[in-house]
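Below is one structure, written out as structure tokens; the observations come after it.
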Amino acid sequence: MKRVLLSLITAIGLIFVVTPAIAIENGEVAIGGPVVGLSLGEDYGVFCSGAMLEPRIVITAHHCIPTAGYDPDYLSKN
């Protein structure tokens, strides 16, 4: 529990310190979409960020999804 609390405090602190990246898409400044956090597994074993494409579709890095028990190309959780 202490580790989770420390991680949360660190993440919140970084929000105010880190300068956001400016992405360019087709020669124009890209407007960012919603960013989400993914927590999969017991005891918050995997935590990654992802981009929400649609209300029920999130894209993230392949290594963020544990391969045991999941199809790494498709993951659905209601």
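Read in order, the letters of the sequence shown are residues 51 to 128 in this note's numbering.
By construction, the Cβ of each residue, glycine as well, lies at the ideal position given by its N, Cα and C atoms.
Quick one: what's residue i bridged to in DSSP?
i    : result
V86  : G100
V108 : M102
Give the single residue among the options whose Cα lies nearest to the Cα of residue i.
i    : options             : result
S57  : M102, H113, C98     : C98
H113 : I59, E78, T60, G100 : G100
Could you check whether residue j and residue i sit closer than 9 Å to each other, using their CB atoms as the reference points?
i    : j   : result
V108 : V86 : yes
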